[in-house]
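A short write-up of the structure that comes next.
2 protein chains.
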Amino acid sequence: MNTDEKRKLTFQFFNEIGIIQQLSTTALNRMLPDGLHVSHFAILNHLIRLGDGKTPQSISDAFQVTKGTMTHTLGALSKRNLIAIQPHPSDGRSKLVFLTDAGRSFHSQAIESLNPFVDQLCRETDLDVMEEMLPHLQAIRAILDKNR
Amino acid sequence: MNTDEKRKLTFQFFNEIGIIQQLSTTALNRMLPDGLHVSHFAILNHLIRLGDGKTPQSISDAFQVTKGTMTHTLGALSKRNLIAIQPHPSDGRSKLVFLTDAGRSFHSQAIESLNPFVDQLCRETDLDVMEEMLPHLQAIRAILDKNR
DNA sequence: ACTATATAGTTTGATATAGAACTAATGGAG
DNA sequence: CTCCATTAGTTCTATATCAAACTATATAGT
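Here the protein sequences come in this chain order: F and X.
For the first sequence, the positions run 602 to 749 when my numbering is used.
For the second sequence, the positions run 602 to 749 when my numbering is used.
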């Protein structure tokens, strides 16, 4: 492959990634109840999976968004009482994010809303291929992350 | 794989896609000159590769964004004189988008700005893997597109 | 030909996000 | 102990995007 072909391939690849992201995000946004956005759901999901009591910073690191964006998103979740934000016990600059009961039940409810879509994708997609791609995607993510 | 594992895999997959898209987009945005955004560059690139004289609709189809978004993006390009928008000769509702000389030279300039980044990615990434993934990504995109 | 439906593009309002400038608290170097 | 660099979070501004309502033109069915 010459340089031009490499560039073209790279461009195509990221183009495809971008379109998939756009289509999947807007599809999920339309399915989520009550005007919630995927980014909100993703945070609830993160706290369920990894346990709550995380700092805003650690969450924004996990999703690779800016601190300002995280303030905004956590504010939205907090206003809906899906999370509770408390001062960090040993660091006056920091905070800790906890799930509320409403947050947990909302998460279950959101999962229910999303599952039909996810299940349909599972039916139509070759999951083995997806599973195979995952580590490669993670590698590419790591490279991008390193070069930030 | 049981249903839960399938769902988890699907979630992970789209999560990774989302993060890659976010990282690559913000990296590219920072590199583009003069406050231009990847979405602007992508349209210039589209018109260079496939030829200009396209309708706004066909461009928004290609990038899977809404018509309103395309109006906004084309407006930005037009205000910078990178494109020229003319009435469609045979359809009074429609328009045609052409590249200006400034648009073409800006595109070359943008390519120059982006190439170092792209080339570095090429160096650090296994391009064969990327090439292998591309058709699978296109298949997933097609499924999402069909279910819109 | 007339009318109803469909299509192309615009406008408006809401929201997600980045980036930069800011505040407050921490922690290390001298 | 004091001062400076670092870190956590917030605020502000700009912009990308979607969704829905809207306008104008085109097309199909009767």
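Even glycine gets a Cβ: it sits at the ideal position worked out from N, Cα and C.
On a predicted model such as this, the values are computed, not experimentally measured, just so you know.
So residue i is in the alpha helix (DSSP H); what residue range does that whole segment cover?
i: valine 639/F; result: 639-651
i: lysine 655/X; result: Unbroken run through lysine 655/X: none, as it is neither H nor E.
i: asparagine 603/F; result: Taken as a continuous stretch (DSSP letters only), asparagine 603/F belongs to no alpha helix (DSSP H), as it is neither H nor E.
Determine whether the beta carbon atoms of residue i and residue j lie at a separation below 9 Å.
i: glutamate 617/X; j: leucine 735/F; result: yes
i: glycine 636/F; j: threonine 626/X; result: no
i: phenylalanine 567/F; j: methionine 632/F; result: Any property of residue 567/F remains undetermined from this structure, which presents chain F solely from 602 to 749.
i: proline 688/X; j: serine 695/X; result: yes
i: phenylalanine 707/F; j: leucine 683/F; result: yes
i: leucine 697/X; j: glycine 654/X; result: yes
i: alanine 628/F; j: leucine 610/X; result: no
i: alanine 711/X; j: leucine 624/X; result: no
i: threonine 604/X; j: aspartate 720/F; result: yes
i: threonine 667/F; j: proline 657/F; result: no
i: phenylalanine 664/X; j: alanine 643/X; result: yes
i: leucine 715/X; j: lysine 607/F; result: no
i: serine 615/F; j: glutamine 622/X; result: The displayed chain sequence assigns phenylalanine, not serine, to residue 615/F. In contact: phenylalanine 615/F and glutamine 622/X (Cβ atoms closer than 9 Å).
i: arginine 681/F; j: alanine 703/F; result: yes
i: threonine 670/X; j: serine 661/X; result: yes
i: threonine 701/F; j: isoleucine 741/X; result: no
i: alanine 677/X; j: histidine 638/X; result: yes
i: valine 730/X; j: histidine 737/F; result: yes
Going along chain F, which residues have a C-beta under 8 Å from residue i?
i: glutamine 665/X; result: Ile620, Gln623, Leu624
i: histidine 681/X; result: According to the sequence displayed, residue 681/X carries arginine and not histidine. Near arginine 681/X there are no residues of chain F at all, since even the closest Cβ is about 22 Å away, more than 8 Å.
Residues of chain F with CB under 9 Å from residue i, in chain order?
i: aspartate 746/X; result: Ile620, Leu624
i: arginine 608/X; result: Ile712, Leu715, Asn716, Val719, Asp720, Cys723
Give the interface partners of residue i over in chain F, defined as CB-CB distance under 7 Å, in chain order.
i: threonine 726/X; result: Ile741, Ile744
Residues of chain X with CB under 7 Å from residue i, in chain order?
i: phenylalanine 615/F; result: Ser625
i: valine 730/F; result: His737
i: threonine 701/F; result: Those within 7 Å of threonine 701/F in chain X number zero; the least Cβ separation is about 22 Å.
i: threonine 674/F; result: Under the 7 Å cutoff, chain X gives no residues; its nearest Cβ is about 13 Å from threonine 674/F.
Just to make sure I have the definition right: I need the residues of chain X whose C-beta is within less than 9 Å of the C-beta of residue i. Which are they?
i: leucine 645/F; result: Within 9 Å Cβ-Cβ: nothing; leucine 645/F doesn't reach chain X, min ~13 Å.
Going along chain X, which residues have a C-beta under 8 Å from residue i?
i: methionine 559/F; result: Any property of residue 559/F remains undetermined from this structure, which presents chain F solely from 602 to 749.
i: threonine 656/F; result: Per Cβ cutoff of 8 Å: no residues; threonine 656/F is ~19 Å from chain X at best.
Requested in this report: Could you name each continuous alpha helix (DSSP H) segment of 4 residues or more that falls completely within the segment 675-727 of chain X, going from the start of the chain to the end?
Outcome: 702-725
Query - Residues, ordered as in the chain, of the segment 705-716 of chain X that lie near chain F by beta-carbon distance below 8 Å - result: Asn716
Query - Within 7 Å of chain X by C-beta, residues of the segment 627-638 of chain F in sequence order - result: Ala628
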